[in-house]
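This report refers to the structure that appears directly beneath it.
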Amino acid sequence: LLTLVEQARRAGQPVDFTERGVPRASAGSAALVACRVVREALTNALKYAHGSRTSVQVRHGEGDITVEVGTGAGGARSAAAVGGGRGLEGLRARVDVLGGEFSAGEAADGGFTVRARIPVGGIS
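The sequence shown runs contiguously to residue 217 in the numbering used here.
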């Protein structure tokens with residue numbers, strides 16, 4: 094995850110990163126999907142809100158991994174307004190297969206937020 098954050102920073106995206114809890118070795122598919130959520134959300138932030146402050150929060154819980162990536166207002170365009178890609182739809186499908194929850198949309202401040210809760214111990 095930190096590698097993805099560092100890549101976005103090198104590309105010019107200001108990113109705040111917070112990771113809480115201890116990643117479980119048995120997280121399997123959940124950890125992989127969490128990484129994909131972060132990757133896609135950061136890619137979208139670079140495309141549609143380049144230069145806007147972005148936050149990545151990851152929490153490793155007892156039975157799940159929670160990811161939230163938010164981009165503040167003031168970027169070029171929101172991913173929801175531009176659309177056209179299938180990245181977020183694909184993420185939703187991956188999270189659903191593991192029995193998790195996924196949302197992506199405009200935030201109250203005009204930014205964009207992607208959230209996922211992925212159960213640990215699902216299909217691997």
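Note that the Cβ used here is the ideal one computed from N, Cα and C, for glycine as well. Nothing here was measured: the structure is a model prediction, and the numbers come from that model.
Return yes when the Cβ of residue j is within less than 9 Å of the Cβ of residue i, no when it is not.
i	j	result
R132	D109	no
G163	F195	no
A127	L94	yes
A101	A142	no
V190	A209	no
Leaving out the 5 sequence neighbours to the left and right, which residues in its chain are closer than 6 Å to residue i when beta-carbon positions are compared?
i	result
E112	V151
D202	A166
Check the C-beta distance from residue i over to residue j and give it rounded, since I have them as a contact under 8 Å.
i	j	result
S119	G214	7 Å
What is the DSSP secondary structure of residue i, counted as helix, strand or coil?
i	result
R132	helix
V108	strand
R117	coil
Mind listing, in chain order, the continuous beta strand (DSSP E) runs of no fewer than 3 residues lying wholly within the region 136-210? 147-153, 157-164 and 194-199
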